[in-house]
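Going line by line, the protein sequences match chains A and B.
Number 53 in the working numbering belongs to position 53 of the first sequence; there are no gaps in the numbering.
Number 28 in the working numbering belongs to position 28 of the second sequence; there are no gaps in the numbering.
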Amino acid sequence: GAVVSQHPSWVICKSGTSVKIECRSLDFQATTMFWYRQFPKQSLMLMATSNEGSKATYEQGVEKDKFLINHASLTLSTLTVTSAHPEDSSFYICSASPPRDRAYGYTFGSGTRLTVV
Amino acid sequence: KQEVTQIPAALSVPEGENLVLNCSFTDSAIYNLQWFRQDPGKGLTSLLLIQSSQREQTSGRLNASLDKSSGRSTLYIAASQPGDSATYLCAVLNTGRRALTFGSGTRLQVQP
Chain A
1 GAVVSQHPSW
11 VICKSGTSVK
21 IECRSLDFQA
31 TTMFWYRQFP
41 KQSLMLMATS
51 NEGSKATYEQ
61 GVEKDKFLIN
71 HASLTLSTLT
81 VTSAHPEDSS
91 FYICSASPPR
101 DRAYGYTFGS
111 GTRLTVV
Chain B
1 KQEVTQIPAA
11 LSVPEGENLV
21 LNCSFTDSAI
31 YNLQWFRQDP
41 GKGLTSLLLI
51 QSSQREQTSG
61 RLNASLDKSS
71 GRSTLYIAAS
81 QPGDSATYLC
91 AVLNTGRRAL
101 TFGSGTRLQV
111 QP
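Below, the structure written as structure tokens:
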């Protein structure tokens, strides 16, 4: 149980275009999901907390207008990188925890490698 | 603000060795601590979860310990194998927070 699916696994886009990344909880409902960014050989940095039915909470320094988060259902959160630029190229990973029981820890998606050319 | 540090940053060992990865954290008010494995270009696989009230957890050749008062955790890998080669990440969940705080990871290479 507690499987998180993330798509696409990789994407290449042209500078100035937008890219949407999906994060789905397959066998549980997730009222909260998290979006992380990871640069090569570095650790995961939290970008934002996605809350079902309400606005996302962004970490300091993360542009909310560039990284749009939508959590319209209990099983789906999306991250849209708007007007992407080469410096947005990175590895993006989402995670979720089954509600009610953080004792089982957090489950992560397989990540999305974004390359902006 | 919680800070998580992992030592060493990289480790290369011959197959069969027992090894210890270290994780330290500055704020001891944690709810739990989780060890993950990450293969290159992949997501995270949860290895072990230790609740704040626990001292250790074991899964197969892996054993993780937690000393909350000193802000330390160790991941012990017995009889290492080439398939254990990956980056190992330590993450803590503070009480009152919903998101994990990650360490920078230890890149492990097990030589056949």
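By construction, the Cβ of each residue, glycine as well, lies at the ideal position given by its N, Cα and C atoms.
Being a predicted model, the structure only gives us computed values, none of them experimental.
Determine the DSSP secondary structure at residue i, reduced to helix, strand or coil.
i, result
"B/Asp67", "strand"
"B/Glu3", "coil"
"B/Leu112", "Before going on, a small fix: residue 112 of chain B reads as Pro here, not Leu. B/Pro112 falls in the coil class under three-state DSSP."
"A/Gln86", "Here the sequence assigns Pro to residue 86 of chain A, which means Gln is not the residue at that position. Three-state DSSP puts A/Pro86 in a helix."
"B/Pro82", "helix"
"A/Lys66", "coil"
"A/Val129", "Examination of residue 129 of chain A is not possible in this model, given that chain A is present from 1 through 117 alone."
"A/Glu59", "coil"
"B/Glu17", "coil"
Taking residue i and residue j to be in contact with their CB atoms under 8 Å, please state how far apart those CB atoms are, rounded to whole angstroms.
i, j, result
"A/Ser110", "B/Gly60", "About 23 Å separates the two Cβ atoms, so there is no contact after all."
"B/Trp35", "B/Leu19", "About 14 Å separates the two Cβ atoms, so there is no contact after all."
"A/Glu59", "A/Leu46", "5 Å"
"A/Ser95", "A/Val4", "7 Å"
"B/Leu33", "B/Ser80", "Between B/Ser80 and B/Leu33 the Cβ distance is about 22 Å, and since that is not below 8 Å, they are no contact."
"B/Gly103", "B/Cys23", "6 Å"
Please determine whether the Cβ atom of residue i lies at a distance below 7 Å from any heavy atom of the ligand FAD.
i, result
"B/Pro82", "Although the ligand FAD was asked about, the structure shown includes no ligands whatsoever."
Can you name the start and end residues of the beta strand (DSSP E) that residue i belongs to?
i, result
"B/Arg61", "Counting along the chain, B/Arg61 falls outside any beta strand (DSSP E), and DSSP gives it neither H nor E."
"A/Thr80", "Leu76 to Val81"
"A/Thr112", "Thr112 to Val116"
"B/Ala10", "Ala10 to Pro14"
"A/Lys20", "Val19 to Ser25"
Whose Cβ in chain B lies nearer than 7 Å to the Cβ of residue i?
i, result
"A/Phe108", "Gly43 and Leu44"
Which residues in chain A have a C-beta closer than 7 Å to the C-beta of residue i? List them in chain order.
i, result
"B/Phe25", "The premise fails here: B/Phe25 is roughly 13 Å from chain A at the closest Cβ pair, so nothing lies under 7 Å."
"B/Gly103", "Ser43"
"B/Leu75", "Those within 7 Å of B/Leu75 in chain A number zero; the least Cβ separation is about 15 Å."
"B/Ala98", "For the record, residue 98 of chain B in the displayed sequence is Arg; it is not Ala. By Cβ distance, chain A contributes Thr32 and Thr49."
Taking C-beta pairs closer than 8 Å, name the residues in chain B that residue i reaches, listed in chain order.
i, result
"A/Arg37", "The contacting residues do not exist; A/Arg37 stays about 11 Å from chain B at best."
"A/Ile93", "Gly43 and Leu44"
Which chain A residues are close to residue i, counting only those with a beta carbon under 9 Å from its beta carbon?
i, result
"B/Gln109", "In chain order: nothing, as chain A lies at least about 14 Å away."
I want to verify the contact list: residues of chain B whose CB lies under 9 Å from the CB of residue i, in sequence order.
i, result
"A/Arg113", "Gly41"
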